[in-house]
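Enquirer: Let me give you the structure first, and then I'll get to my questions.
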Amino acid sequence: MFLRGFFAGAGAAMTLSMIITMAAFAFTDPFAAEERGTAAAAAAAPPTARAILEVEAKPTGRLALTVRATIADRRYRPVAGARPKVTLDMIQMPQAHRTAPTAMDPVAGSPGTYEAKIVAPMAGDFDVAVALTTPLPGEAHTRITMPSRAAKSS
Numbered sequence: 029m030f031l032r033g034f035f036a037g038a039g040a041a042m043t044l045s046m047i048i049t050m051a052a053f054a055f056t057d058p059f060a061a062e063e064r065g066t067a068a069a070a071a072a073a074p075p076t077a078r079a080i081l082e083v084e085a086k087p088t089g090r091l092a093l094t095v096r097a098t099i100a101d102r103r104y105r106p107v108a109g110a111r112p113k114v115t116l117d118m119i120q121m122p123q124a125h126r127t128a129p130t131a132m133d134p135v136a137g138s139p140g141t142y143e144a145k146i147v148a149p150m151a152g153d154f155d156v157a158v159a160l161t162t163p164l165p166g167e168a169h170t171r172i173t174m175p176s177r178a179a180k181s182s
């Protein structure tokens, strides 16, 4: 008798909790708290306030390459005054041939575009990472293969 009542009560409680959960999902706006803002949101950037980065890397010499990043806000407006940094990390040996962060310079006449010339430590496949902390956080990656010999032009 006790077990029958116990299971009936547990089943009713679980059913009620599922109804409450479904109602919460159906009637709660997930973006409302973000738009209102809180003290914690004022101290840190909200999750949607991230930069949009597009990264392009092109070899320019034997181990030299040029990295260009285009940075925009969430409304796709160019971000000026950013301080992005680029690092290379060899894919075959992660962290073993990682370069120090190199500051990227703004490209004149192209707002929101930054460029850096960097030298790979050796030939191979590299992950090119561009990271940004101010004014908006963001990070983007691309891959590049640095040839062991410079390609001959035909």
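Under our numbering, the first residue of the sequence shown is numbered 29, with each subsequent residue one higher. The beta carbon of each residue, even a glycine, is placed where N, CA and C say it ideally should be.
Just tell me which of 120, 124, 109 has its CA closest to the CA of residue 134.
Expert: Checked all of 120, 124, 109; the closest Cα to residue 134 is 109.
Enquirer: Where does the unbroken alpha helix (DSSP H) through residue 32 begin, and where does it stop?
Expert: Looking at the DSSP string, the run of the alpha helix (DSSP H) that includes residue 32 is 30-55.
Enquirer: Run through DSSP, which three-state label would residue 142 get?
Expert: Three-state result, residue 142: strand.
Enquirer: Please classify residue 101: does DSSP put it in a helix, a strand, or coil?
Expert: In this structure, residue 101 counts as coil in the three-state DSSP scheme.
Enquirer: What does the alpha-carbon distance come out to for the pair residue 68 and residue 158?
Expert: Residue placement at residue 68 is poorly supported in this model, since its pLDDT is 48, which falls under 50; the coordinates still yield a value, given next. Each residue's Cα considered, the two are about 27 Å apart.
Enquirer: Please work out which residues of its chain come closer than 7 Å, Cβ to Cβ, to residue 107, disregarding the five sequence neighbours upstream and downstream, and give them in chain order.
Expert: Only 79, 99, 100, 101, 140, 163, 164 meet the Cβ criterion.
Enquirer: What are the start and end residues of each continuous alpha helix (DSSP H) run of 4 or more residues lying completely inside the segment 112-142, in chain order?
Expert: Counting only runs of 4 or more, we get nothing.
Enquirer: Hey, residue 144 and residue 132: beta-carbon distance below 8 Å or not?
Expert: Cβ distance < 8 Å, so residue 144 and residue 132 count as in contact.
Enquirer: Around the C-beta of residue 35, are 16 or more other C-beta atoms found within 10 angstroms, so that it is buried, or is it exposed?
Expert: It counts as exposed.
Enquirer: With a 10 Å radius around its C-beta and 16 neighbouring C-beta atoms as the bar for buried, classify residue 174 as buried or exposed.
Expert: Result: buried.
Enquirer: Among 118, 160, 44, 29, which residue has its Cα nearest to the Cα of residue 130?
Expert: When each option's Cα is compared against that of residue 130, the closest is 160.
Enquirer: For residue 166, is the classification buried or exposed, using 16 other Cβ atoms within 10 angstroms of its Cβ as the cut-off for buried?
Expert: Residue 166 should be labelled buried.
Enquirer: Between the C-alpha atoms of residue 142 and residue 112, what's the straight-line distance to the nearest angstrom?
Expert: Approximately 8 Å between the Cα atoms of the pair.
Enquirer: With a CB to CB cut of under 8 Å and the five nearest residues on each side skipped, what residues in its chain are close to residue 124?
Expert: Result list for residue 124: 118, in chain order.
Enquirer: Can you give the beta carbon distance from residue 83 to residue 136, rounded, assuming they're within the 8 Å contact cut?
Expert: So it is not a contact: roughly 20 Å between Cβ atoms.
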